[in-house]
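Below: one structure, written as structure tokens.
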Amino acid sequence: MSLTSLPAQLPPARGARLQQFLDLGWPHRKLEAWRHTDLAPLAKRAWHWTTLPAQDDAQKVDARDHFALLNSALATAPAAGEQTPGRVAADAQVHTQGRHAVAAHATDHQVLRREGTVDGLRSHWQHLQLDHHSQSHLVWVSDPQGSGHDLSRLSITVAEGATLALVVVHLGRAITRLELDIHLQGPHSAAHLHALSLPAAGGFDLPVTVHHQAPHAVSRLQLRAIGLAGTRSSINGRIKVYEGAIKTDSEQHMASLLLSPKAEINAKPDLEIYNDDVKCAHGASFGQLDEDALFYLRARGLNDATARALLTQGFAEQVLREIPDEALRTSLTNTLLQRLRDAEP
Numbered sequence: 142m143s144l145t146s147l148p149a150q151l152p153p154a155r156g157a158r159l160q161q162f163l164d165l166g167w168p169h170r171k172l173e174a175w176r177h178t179d180l181a182p183l184a185k186r187a188w189h190w191t192t193l194p195a196q197d198d199a200q201k202v203d204a205r206d207h208f209a210l211l212n213s214a215l216a217t218a219p220a221a222g223e224q225t226p227g228r229v230a231a232d233a234q235v236h237t238q239g240r241h242a243v244a245a246h247a248t249d250h251q252v253l254r255r256e257g258t259v260d261g262l263r264s265h266w267q268h269l270q271l272d273h274h275s276q277s278h279l280v281w282v283s284d285p286q287g288s289g290h291d292l293s294r295l296s297i298t299v300a301e302g303a304t305l306a307l308v309v310v311h312l313g314r315a316i317t318r319l320e321l322d323i324h325l326q327g328p329h330s331a332a333h334l335h336a337l338s339l340p341a342a343g344g345f346d347l348p349v350t351v352h353h354q355a356p357h358a359v360s361r362l363q364l365r366a367i368g369l370a371g372t373r374s375s376i377n378g379r380i381k382v383y384e385g386a387i388k389t390d391s392e393q394h395m396a397s398l399l400l401s402p403k404a405e406i407n408a409k410p411d412l413e414i415y416n417d418d419v420k421c422a423h424g425a426s427f428g429q430l431d432e433d434a435l436f437y438l439r440a441r442g443l444n445d446a447t448a449r450a451l452l453t454q455g456f457a458e459q460v461l462r463e464i465p466d467e468a469l470r471t472s473l474t475n476t477l478l479q480r481l482r483d484a485e486p
């Protein structure tokens, strides 16, 4: 069964949403939000259905949002204790949703691992609610060896005095898109995002929107991408400051390191401000490795591949050092170094 027809056993409300997706079709590169994402290879595939949900619901989604429709039509709840869906069979599709709340004055640590060792299609819609004066340390990481395609969304609401610390690391091999929506809804709320993209193949899209909806809120975005031969990264950061959100303090920095003329990186910072009394800054930079630094390391006996890998590690370390779990941080660093040593010039 492909994504061109409705399964007969799907409940009516979910069937209606899936029909909307089929009518809308797969998103394509003529749409601004998808201009750097080529889903044509996935759209041509003959996907078969996984276990379908038996329950119906009245969930409301944007009728223009392709994968919100698909996910809400087919989503099943994870099993008890699961944070992410299980492995996906080849040519199968799995769609899940999850909700998590951090109680007032509590501190929470989570690692969301996107695992998929076979060539399947998965979407996961996750909502995280931070109650007042709580803290959440969240790490989202893709499977460096995985070949499963992943189209997911993470929506986070931050209440008064609460703080979000989010680290995103993509080292995967398949088409991956993570949409981040962060809502700073309470006064003195804060969000700190560090992201690193180093795809091995397939490409990675990270559209981020931070909604400053309350006074005295703070956001910091540090987004970094490394381009190897034949890879593509697209990072879009949008800061929206609403009316009444006075004393907003927001900084967004994007840095891209191109290691090959065959690499593609798209980075776009964006500000949308409906207030005068704010402090906002944003910028994007593109560059290559410093030839003088490479010469220095080679003069000390390092070969070219190792010298390049070490300098690139220093670039990536600005994100990796924010991961609280030492074992995970070490594992990702080792994977990054090995990939850089093996990379085509």
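Read left to right, the sequence shown gives residues 142 to 486 (our numbering). No residue lacks a Cβ here, since even glycine has one placed at the ideal position from N, Cα and C. Since we're looking at a predicted model, the values are computed, not measured.
Within the same chain, Cβ atoms closer than 6 Å to the Cβ of S296 are found at H268, D322, the five residues on either side in sequence being excluded. H311 is positioned such that its CB atom lies no closer than 7 Å to that of S293. Ranked by Cα distance from L347, the options H329, G378, E458 are led by G378.
For L305, the enclosing beta strand (DSSP E) covers residues 304-311. Rounded to the nearest angstrom, the gap between the Cα atoms of G385 and M395 is 27 Å. Here DSSP, grouped into helix, strand and coil, assigns A247 to coil. Sixteen is the threshold: when 16 or more other Cβ atoms of the shown chains lie within 10 Å of the Cβ of D291, as they do, the residue is buried.
Take D411, set aside five residues on each side of it, and the residues of its chain with a beta-carbon closer than 8 Å to its own are N377, G378, R379, I380, H423, in chain order. Per the coordinates, the alpha-carbon of R373 lies some 33 Å from the alpha-carbon of A358. Bridge partners of Q267 according to DSSP: G239, L295. In this structure, R365 and E392 do not form a Cβ contact; the two beta carbons are roughly 15 Å apart against a cut-off of 8 Å. DSSP places R314 outside any beta strand (DSSP E), giving it a letter other than H or E. Less than 7 Å divides the Cβ of T453 from the Cβ of L481. The Cβ neighbour count for S426, taken over all protein chains shown within 10 Å, is under 16; the residue is labelled exposed.
Here the alpha carbons of H353 and Q479 stand approximately 39 Å from one another.
For A457, the enclosing alpha helix (DSSP H) has its first and last residue at 445-461.
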